[in-house]
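Below is one structure, written out as structure tokens, with a few remarks after it.
There are 2 protein chains.
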Amino acid sequence: MSRSNPRVLATLERAGGFASAQEVYQLMQREGERIGLTTVYRSLQSLLSDKIVDLLHREDGEAIYRLCGESHHHHLVCKNCGDTVEIEGGAIEKWANSMAQEHGFREVGHTAEIFGLCSKC
Amino acid sequence: MSRSNPRVLATLERAGGFASAQEVYQLMQREGERIGLTTVYRSLQSLLSDKIVDLLHREDGEAIYRLCGESHHHHLVCKNCGDTVEIEGGAIEKWANSMAQEHGFREVGHTAEIFGLCSKC
DNA sequence: TATGAAAATGACAATCATTTTCATTTATGC
DNA sequence: GCATAAATGAAAATGATTGTCATTTTCATA
């Protein structure tokens with residue numbers, strides 16, 4: 239069973255707590271850290287199963303890891319220029335919880351992202 | 239400019255209006271239709287840009303296409319057994335629209351999925 | 001009915017994220 | 001020091017998706 243390499247977590251934090259495995263790896267490379275892509279993937283998976291990060295997906299399907307404990311928010315993404323705004327999701331939390339309760343689900347999480355064209359595009 | 243092959247749309251309908259490109263392709267193969275994987279991808283993309291289908295992603299990131307006009311709903315997915323319940327998302331529509339308006343975004347869409355442990359697991 | 005331009009098709013190769021394999025290095029207890 | 005388990009990373013494997021390109025089909029018009 240592999241444990242997480244602490245530099246991976248540190249890098250994810252430095253990246254704003256929101257990045258893909260590839261991005262974490264490239265960031266570490268650029269900063270001169272000597273680490274393999276495999277280790278980055280393994281560490282992120284380990285952080286995921288320890289519930290230190292969550293997993294969600296970008297529009298193109300690429301997996302992105304988000305630090306838990308970051309205030310839970312969602313994103314409004316421009317599908318043209320990629321500009322991203324963080325937004326509050328209180329309404330979603332309530333919706334997710336009530337739906338889960340209604341259907342007898344426990345330990346629920348959710349993903350919700352909104353995409354469209356920003357005012358500039 | 240490539241137009242969508244009508245058999246692709248027909249197959250997606252037959253599949254319940256909810257399937258990945260690979261699934262549509264395999265289904266067509268099994269039913270003896272002579273079509274290439276490339277054409278399936280192209281047709282789905284074309285249906286997407288014509289707004290006849292939407293795109294969303296499975297937990298593993300694989301792209302799934304959903305027929306628009308199917309009543310818009312979301313999913314509650316058991317992360318253990320994969321069991322899925324369709325749920326209404328009226329609250330989400332409102333949230334997405336108000337957030338979009340607040341930040342000046344137009345032509346917005348959204349994805350929202352809830353996952354947890356179902357009552358059996 | 002011929003013809004030719006444009007669109008559609010599909011085999012195949014390329015790309016990209018992710019996972020697996022496996023040999024090597026590092027850490028740890030004895 | 002030594003044995004053993006854990007961690008690491010290079011390289012290959014995998015799987016979805018996209019790009020390329022030669023061929024076929026469609027279809028309006030000569």
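Protein sequence lines correspond, in order, to chains A and B. Under our numbering, read the first sequence as residues 239 to 359, first letter to last. Under our numbering, read the second sequence as residues 239 to 359, first letter to last. We put the CB at the ideal spot given by N, CA and C, even for glycine. Predicted model only: the values in this text are computed from it and were never measured.
Query - Nearest-angstrom beta carbon gap, Ile325/A and His310/A [assumed within contact, 8 Å] - result: The Cβ separation is near 11 Å, so there is no contact.
**Report entry** Per DSSP, the bridge partner or partners of Val315/B
**Finding:** Within the DSSP secondary-structure output, Val315/B pairs in a beta bridge with Thr322/B and Phe353/B.
Query raised in the report: Quick one: what's got a C-beta closer than 8 Å to Thr277/A's C-beta in the same chain, skipping five residues either side?
Result: For Thr277/A, where only same-chain residues beyond five positions count, the Cβ hits under 8 Å are Asn243 and Val246.
Report task. Note down, in chain order, every chain B residue with its Cβ under 9 Å from the Cβ of Ser357/A. Result -> Going along chain B in sequence order, the residues near Ser357/A (Cβ under 9 Å) are His341, Gly342, Phe343 and Arg344.
Query raised in the report: Leu286/B to His295/A, Cα distance in whole Å?
Result: Within the model, the alpha-carbon separation for Leu286/B versus His295/A is close to 19 Å.
Query raised in the report: For the beta strand (DSSP E) that contains Ile302/A, what are its first and last residues?
Result: Segment Ala301 to Leu305, the beta strand (DSSP E) holding Ile302/A.
Query raised in the report: Where do the ends of the beta strand (DSSP E) carrying Ser258/A lie?
Result: Run containing Ser258/A: Phe256 to Ser258, per the beta strand (DSSP E) assignment.
Query raised in the report: Looking at Leu265/A and Met223/B, is the spacing between their C-beta atoms short of 7 Å?
Result: Past the boundaries of the shown model lies residue 223/B; chain B is included only from 239 to 359, so the question cannot be answered.
Query raised in the report: According to DSSP, is Arg241/A helix, strand or coil?
Result: In the three-state reduction of the DSSP assignment, Arg241/A falls in the coil class.
**Report entry** Spatial distance of Lys332/B from Glu300/A (CA atoms)
**Finding:** Approximately 27 Å between the Cα atoms of the pair.
Requested in this report: Could you tell me which residues DSSP puts in a beta bridge with His295/A?
Outcome: The secondary-structure analysis by DSSP pairs His295/A across a beta bridge with Ala301/A.
Query raised in the report: For Gly354/B versus Phe343/A, is the C-beta spacing smaller than 7 Å?
Result: Annotated as proximal: Gly354/B and Phe343/A, with beta-carbon spacing under 7 Å.
Report task. Would you please verify whether the beta carbon of Ala259/B is less than 7 Å from any beta carbon of chain A? Result -> Cβ-Cβ to chain A under 7 Å: no for Ala259/B.
**Report entry** Extent of the continuous alpha helix (DSSP H) to which Ile330/A belongs
**Finding:** Counting along the chain, the unbroken alpha helix (DSSP H) around Ile330/A starts and ends at Gly328 to Glu340.
Report task. Give the interface partners of Glu351/A over in chain B, defined as CB-CB distance under 9 Å, in chain order. Result -> Result: His348, Thr349 and Ala350.
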